[in-house]
Structures are given as C-alpha cells and as structure tokens.
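Written below as structure tokens is the structure these notes are about.
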Amino acid sequence: MAVNLRALQHLTDQLTAIVTVADDGGSSGRLRREFDILPPGDLRMALAALCDDDPVGRTWADVLQARFTGDGPLGGHAIGNLLIAGLWQQLEDPVAGLDMVAQLLGARGRVLPMASVPLQIEADVIGLDPVAPDEISTLRGQATVASTEGEVAAVRLVPADPPARPECLEAIREADWAVLGPGSWFTSVIPHLLVPELADALVTARCRRVLTLNLSPEGETRGFSPSRHLEMLADHAPRLRIDVVLADEQTVEDDPHLESYVASLGGRLVRADVAMRDGSARHDALRLAAAYAEVMGL
C-alpha cells in the first residue's frame with residue numbers, strides 16, 4: 001500500500017487509505033494482545049507513506065518507522081505504534097486517534113482501519129504434509145499465512161462478519177476511484193473484500209475500480225501467474241467488477257490467459273512500465289503515478 005499512496009500523492013491530496021487490521025506479528029501483535037486494540041503497524045506504515053516528501057515529512061516518516069533497540073519491554077516496538085496506541089487510549093476512538101496523528105504529521109490524506117475490531121486471517125492450505133500432499137490444513141494468523149510453504153486455496157476472516165468502520169463506507173461512496181493492490185494477495189488485498197459491508201460498498205459504489213497487480217508472486221502466492229491472482233480474487237469476491245487491471249508490461253508478457261481473465265471481471269487490461277530499474281520486484285512510485293494518471297484521465 002505504501003508505494004500506492006506515494007504514487008497517488010502526485011495526483012491528489014484527497015486520499016483515503018483503508019487498511020487491514022489483522023496483523024498479529026512483531027510490535028503490532030504484542031500491542032494487540034496486551035491492550036486488546038487494533039494492530040497499529042499497517043496503519044502506521046500508511047501514515048508514514050502519506051508524509052510530505054520534504055525534510056520535515058521524511059523526518060516524521062523515519063520517526064514513525066524507527067524501532068526501540070534492546071531486550072527490554074520496549075525492544076522491537078515501533079515508535080509510531082506506541083504513539084498510535086497511546087492516542088487510542090486517551091481518545092477511546094481509533095479513527096480520532098489516527099486523524100490526530102495525521103494532523104501532527106501533516107499527512108496528505110486520511111488513514112482508516114477497515115473494521116472496528118481486530119481480525120484474524122484463517123487460510124485453507126494445500127501441500128504442507130509431504131505424506132499427504134493433497135490434504136488441506138488450516139492456518140491462522142496473518143504472519144503464519146503470509147509465510148506458508150503450502151498453496152493457499154482460500155482465506156477467511158475471524159470473526160467472519162466484522163463491522164466495517166462507517167468512515168470507510170462513506171469514503172467509498174464519495175470516491176471517484178478505488179484502487180486495490182498491489183500487496184500481499186491473501187493477507188492484504190483480498191481481506192478488504194471479506195468484510196461484507198466493505199465488499200457491498202465496493203460493488204454498489206459509483207466509483208471506478210482499478211486493480212494493480214504485483215510485480216512477482218510473494219511467499220503466499222508462490223508459483224501463481226497473474227491470471228491465477230485474478231482467479232483467486234474472483235473466487236473470494238464474485239460480485240466485484242473491475243474497470244481496469246494495471247500490470248507491468250514485462251511481468252505479464254508470458255501470461256496468455258490474462259486478457260480473458262480481466263474481461264471476465266468486466267475490465268480492460270492496461271500494461272505499463274511501472275517497475276523499479278534496479279531489478280527488484282518493486283513498483284516505482286513516479287512510474288506508477290504516471291500510469292494512474294493515464295488510466296484516470298488526469
């Protein structure tokens with residue numbers, strides 16, 4: 001999500017990031033277990049991405065992302081996580097706390113949690129048992145699912161019907177464009193579509209929808225083609241229509257079925273040069289911004 005936000009900042013200040021709340025590892029996991037709060041880590045990273053690209057903004061972004069060292073109680077905690085958790089304790093409202101952090105940082109946009117309660121991701125995974133490679137295992141936890149060596153067949157949320165934040169529903173209703181991806185497919189992109197109210201809002205909203213594909217499969221989608229990514233998304237959100245699927249032209253050139261999968265979602269495929277030049281599987285924010293500008297007619 002961070003590179004998306006940095007790219008879209010070049011086009012507008014009217015940004016709302018709707019962020020998953022299923023992180024259960026590291027500093028976020030410790031805070032959610034100790035204080036029974038939403039995990040702040042992914043929200044923190046979105047806020048850092050919305051900081052201005054100037055000395056003050058970059059300093060704030062670095063402070064948010066910095067972690068305490070050592071083996072004491074604070075060791076490993078991100079400074080931004082503690083700031084967010086502290087404001088939540090004082091204000092007793094997650095959105096009010098995030099809005100205050102955004103105001104403090106001078107963030108160019110708003111960050112919202114996708115649900116009102118902390119979530120768990122549960123996955124059906126094939127191939128974990130070498131003796132019974134077709135057997136389905138159930139894994140729970142974002143960190144566990146993201147790092148699985150098996151093939152993820154399906155994911156779901158626990159609880160299964162979490163309440164969406166009303167601010168998220170309002171943002172979707174008022175949006176001109178909704179952008180999904182890039183990101184971890186099963187633990188970051190698809191979970192938004194598993195919150196029933198969010199999925200309904202995306203299906204019925206007047207906004208147009210862009211789906212940005214990853215540059216390469218991540219651990220949880222190891223071996224997946226771009227078409228397979230779309231197939232899994234459609235399996236989890238069969239009512240969702242996509243207007244544009246944006247893909248890096250080099251990444252998808254060997255996928256002969258992609259055009260038909262995009263068409264089955266109701267959209268058109270746009271190929272663009274959006275990758276970093278250093279050979280890493282990362283999007284270049286400026287190239288991505290240019291691609292979005294063309295897609296959105298800006």
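Per the UniProt record's numbering, numbering of the sequence shown is gapless, rising by one per residue and ending at 298.
Each residue gets a CB set at the ideal place from its N, CA and C atoms; glycine is no exception.
Since this is a predicted model, take the numbers as computed values, not measurements.
| query | Where does the unbroken alpha helix (DSSP H) through I172 begin, and where does it stop? | reply | P166 to E174
| field | Between the CA atoms of M296 and R32 - distance to the nearest angstrom | value | Taking the straight line joining both Cα atoms gives about 38 Å.
| said: I'd like the span of the beta strand (DSSP E) that includes T212, first residue to last. | reply: Per DSSP, T212 belongs to the beta strand (DSSP E) from R208 to T212.
| message | Quick check: what's the CA-CA separation for C51 versus I84? | response | 15 Å
| Contact the region 168–185 vs the region 1–18: 3+ CB pairs below 8 Å | yes
| Alpha carbon to alpha carbon, how far is A49 from Q9? | 9 Å
| task | Mind checking who L246 pairs with in its DSSP beta bridge? | result | T212 and V270
| query | From D71, V195, V274 and V244, pick the residue whose C-alpha is nearest to that of S264; which is it? | reply | For the residues D71, V195, V274 and V244, the minimum Cα distance to S264 belongs to V244.
| Endpoints, beta strand (DSSP E) assigned at R58 | Looking at the DSSP string, R58 is not in any beta strand (DSSP E); the run it does join, the alpha helix (DSSP H), is P55 to Q65.
| query | Would you report the Cα separation of W60 and L105, rounded to the nearest angstrom? | reply | One C-alpha to the other measures close to 6 Å.
| request: Run the CB neighbour count on H229, radius 10 Å, all protein chains shown included, and call it buried at 16 or more, exposed below. | output: buried
| query | So D200 is in the alpha helix (DSSP H); what residue range does that whole segment cover? | reply | For D200, the uninterrupted alpha helix (DSSP H) run begins and ends at P196 to T204, by DSSP.
| said: Would the region 208–228 count as touching the region 240–254 if we require 3 or more Cβ pairs under 8 Å? | reply: yes
| query | Between the region 111–129 and the region 62–70, do at least 3 Cβ pairs fall closer than 8 Å? | reply | Contact fails: fewer than three Cβ-Cβ distances are below 8 Å.
| said: If I measure Cβ to Cβ from L112 and keep anything under 8 Å in the same chain, skipping five residues before and after, which residues do I get? | reply: T16, A17, I18, V19, V95, L98, R165, E167, C168 and A171
| query | How about the region 68–87 and the region 153–164: do they share at least three Cβ pairs that are nearer than 8 Å? | reply | no
| task | Give me whichever residues DSSP pairs with residue 314 in a beta bridge. | result | Outside the shown range of the chain (1 to 298) lies residue 314, about which nothing can therefore be said.
| query | Counting Cβ pairs, one atom from each stretch, are 3 or more of them under 8 Å apart for the region 182–192 and the region 217–236? | reply | The region 182–192, when compared against the region 217–236, does touch it at the 8 Å Cβ threshold.
| field | Range of the contiguous alpha helix (DSSP H) that encloses P226 | value | Per DSSP, the unbroken alpha helix (DSSP H) holding P226 starts and ends at P226 to H236.
| query | What are the start and end residues of the beta strand (DSSP E) that includes V179? | reply | W177 to L180
| task | Give me the Cα-Cα distance between D278 and V252, rounded to the nearest whole angstrom. | result | 19 Å
| By Cβ distance below 6 Å, which residues in the same chain neighbour A275 in space, the five residues on each side in sequence not counted? | L215 and D248
| said: Do S225 and D255 count as a contact pair if the criterion is CB distance below 8 Å? | reply: yes
| said: Does L50 come out as helix, strand or coil in the three-state DSSP assignment? | reply: coil
| Outcome for V56 when other beta-carbon atoms lying within 10 angstroms are tallied against a minimum of 16 | exposed
| said: Check for me: the alpha helix (DSSP H) holding A7 runs from which residue to which? | reply: A2 to Q9
| field | Three CB pairs or more closer than 8 Å across the region 229–240 and the region 192–203 | value | yes
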